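Numbering (my numbering), first residue to last: 1079 to 1352.
Reading through the structure tokens given below for one structure.
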Ligand SMILES: Nc1ncnc2c1ncn2[C@@H]1O[C@H](COP(=O)(O)OP(=O)(O)OP(=O)(O)O)[C@@H](O)[C@H]1O
Ligand SMILES: [Mg+2]
């Protein structure tokens, strides 16, 4: 059985650091010796750009190419379309073409399972596959959630983003009920936090109080920090750009939490099997 873990990073709310979290979790796991593939499933192609590929429109092959092959029953190589940047980070890129995929999927056979057919073929090559989702619920996000073992939900500690979190939890419940019963919430990650403000402190308390018993809310809080925005412009992870910055240290702690949780689940599974 494959030990690869497939994690979607999702929230219907825009600008809550989904892409930043995908990139920096991916970069940190690679630094720890894990084999990681990041999939850009957003036509905005921000993950592709942040990984250092500034002109996604110039790319020959993207996730759209591969999904079209899956739909058409055309075979593909496991490494096809995957780019590896200077940090050793592997990304299946996207560009604006992916927008048309929502329409292509409508007439595809088993339209929710196109991405999962791709992932099923390549997952034996990786320890982690991270899927960066777009900020909406359409067939692409449904494909991501149908392929994933779990979801990380980044949330900004403000009132409206909190509503976005409720929405995404509802979507996850529906996907579990109808398409992918094994889907779990990996955890809620508080991002872009300015913990000096009363609003942020109150919102974090509310999240922990209202959700903390039923779903994991990571101890780590990702603070606001200019270095992560600068690292994006440089096309690097924050570890490669400024590894001693407070955001880099927070993403390091967060990655440790993700690894610890995964080790715990694996141990539990091994014990159950005995
Ligand atoms: N910890 C942080 N401190 C400061 N700026 C941040 C931080 N995390 C992310 N940002 C900035 O916030 C903006 C939104 O981040 P990001 O693109 O990761 O969000 P997103 O949820 O993927 O957005 P979208 O919904 O559009 O896909 C970016 O400009 C990014 O550089
Ligand atoms: Mg994004």
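No residue lacks a Cβ here, since even glycine has one placed at the ideal position from N, Cα and C.
Here the structure is a predicted model, which is why all the values come from computation and not from measurement.
Cβ neighbour criterion (16 or more within 10 Å) applied to residue i
i: residue 1138; result: exposed
i: residue 1233; result: buried
i: residue 1089; result: buried
i: residue 1150; result: exposed
i: residue 1244; result: exposed
i: residue 1311; result: exposed
i: residue 1334; result: exposed
i: residue 1118; result: buried
i: residue 1259; result: exposed
i: residue 1307; result: exposed
i: residue 1273; result: exposed
i: residue 1210; result: buried
i: residue 1159; result: buried
i: residue 1323; result: buried
i: residue 1345; result: exposed
i: residue 1184; result: exposed
i: residue 1242; result: buried
i: residue 1304; result: exposed
i: residue 1178; result: exposed
i: residue 1152; result: exposed
i: residue 1287; result: exposed
i: residue 1156; result: exposed
i: residue 1111; result: exposed
Residues that residue i bridges to, as DSSP identifies them
i: residue 1210; result: 1087, 1118
i: residue 1228; result: 1085, 1262
i: residue 1267; result: 1232
i: residue 1299; result: 1268
i: residue 1243; result: Paired residues: none, contrary to the question.
i: residue 1170; result: 1117
Cutoff 8 Å; reference residue i; Cβ partners in own chain excluding five residues on either side
i: residue 1166; result: 1108
i: residue 1187; result: 1149
i: residue 1142; result: 1172, 1173, 1175, 1176, 1178, 1179
i: residue 1144; result: 1154, 1158, 1159, 1170, 1196
i: residue 1342; result: none
Same chain, Cβ closer than 6 Å to residue i, five either side skipped, listed in chain order
i: residue 1299; result: 1268, 1271
i: residue 1079; result: Note on residue 1079: pLDDT 48, under 50, position unreliable in the model; no value is reported.
i: residue 1293; result: 1263
i: residue 1130; result: 1163, 1313
i: residue 1127; result: none
i: residue 1220; result: 1190
i: residue 1257; result: 1190, 1224
i: residue 1194; result: 1224, 1225
i: residue 1200; result: 1156
Close beta carbons around residue i, own chain, < 7 Å, minus the five adjacent residues each side
i: residue 1289; result: 1266, 1295
i: residue 1340; result: 1083
C-beta neighbour in chain B for residue i, strict 7 Å
i: residue 1086; result: Considering every chain present, this structure includes no chain B. It has just one protein chain.
Let me have the residue list for ligand 2: C-beta closer than 5 Å to any non-hydrogen atom, ordered along the chain. Selection output, chain order preserved: 1096, 1097, 1124.
Please give me, in chain order, every unbroken run of the beta strand (DSSP E) with length at least 3 that falls completely inside the region 1106-1163. Correct list: 1114-1119.
For a minimum of 3 consecutive residues, which ranges assigned as the beta strand (DSSP E) are wholly contained in the region 1276-1330? Entirely contained in the region 1276-1330, the beta strand (DSSP E) runs reaching 3 residues are, in chain order, 1295-1301.
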